[in-house]
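In terms of UniProt numbering, the sequence shown opens at residue 1 and continues consecutively. Heads up, the beta-carbon is just placed ideally off N, CA and C, and yes, glycines get one too.
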Amino acid sequence: METLRYLLLLVAVLMGGGTIASGQIALSGTVMTDSGEPAAFANVILTPVADTTRVLDAGLVDMTGHYALKKQRQGRYLVTISLVGYRTLREEVLLRTASVGAGTDVVCDFVLIADVEQIEGVVCEAAMSFSSSIGRSIRFRAKTASGPIPPSI
């Protein structure tokens with residue numbers, strides 16, 4: 001009888017302890033814009049804080065504003081979220097389980113701030129000239145509201 005109790009305890013520890021021992025934690029949540037709309041198709045990138053050039057996982061925000069990244073080990077990570085027309089958001093997150101019996105998911109919600117930058121309009125003019133010895137040539141001149149753009153650009 002005592003052997004059976006130890007065997008059941010061993011099975012319970014092996015089955016339930018795998019997740020706790022590995023410390024794998026999923027990161028998910030929502031990304032919204034400052035106007036309250038889902039930030040659909042925003043890029044979400046997870047990197048270690050110590051080496052931000054090493055991408056551990058990346059994904060896109062769906063149409064409802066939800067994202068989900070793969071499970072990672074406990075630790076500090078940098079979440080970078082970018083979307084055209086919005087400021088890139090870089091936020092450090094700590095992935096850890098609160099206690100032995102806690103779940104293995106961390107929920108982080110983010111809000112992107114609009115970043116509208118006005119640029120000058122560009123006007124392109126074209127002229128076509130023909131030369132019998134060279135063939136056909138095309139010249140372009142571009143200018144902005146503040147003046148012409150140098151030909152070297």
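Given residue i as reference, the closest of the options once Cα atoms are compared
{"i": "D109", "options": "V116, V122, E91 and Y86", "result": "E91"}
{"i": "H66", "options": "V93, D57, S28 and E37", "result": "S28"}
{"i": "L69", "options": "G85, T97 and V107", "result": "V107"}
{"i": "I45", "options": "A114, Q118, E120 and I81", "result": "I81"}
{"i": "T97", "options": "D34, V31, Q72 and E120", "result": "Q72"}
{"i": "V79", "options": "V122, A114 and P48", "result": "P48"}
{"i": "V116", "options": "R87, D105 and V123", "result": "R87"}
{"i": "A50", "options": "V123, G75, C124 and L89", "result": "G75"}
{"i": "M63", "options": "E37, D57 and T52", "result": "E37"}
Distance between beta carbons of residue j and residue i, contact taken as under 8 Å
{"i": "L112", "j": "A42", "result": "7 Å"}
{"i": "V93", "j": "Y77", "result": "5 Å"}
{"i": "T33", "j": "A114", "result": "7 Å"}
Outcome for residue i when other beta-carbon atoms lying within 10 angstroms are tallied against a minimum of 16
{"i": "I25", "result": "buried"}
{"i": "L60", "result": "exposed"}
{"i": "V84", "result": "exposed"}
{"i": "A39", "result": "buried"}
Residues bridged to residue i (per DSSP)
{"i": "A114", "result": "Y86"}
{"i": "G32", "result": "The question names Gly, but residue 32 is Met in the sequence shown. Its beta-bridge partners are P38 and V111."}
{"i": "L69", "result": "L27"}
{"i": "A58", "result": "I45"}
{"i": "I81", "result": "V44 and L89"}
{"i": "D105", "result": "A26"}
{"i": "R96", "result": "According to DSSP, R96 bridges with nothing at all."}
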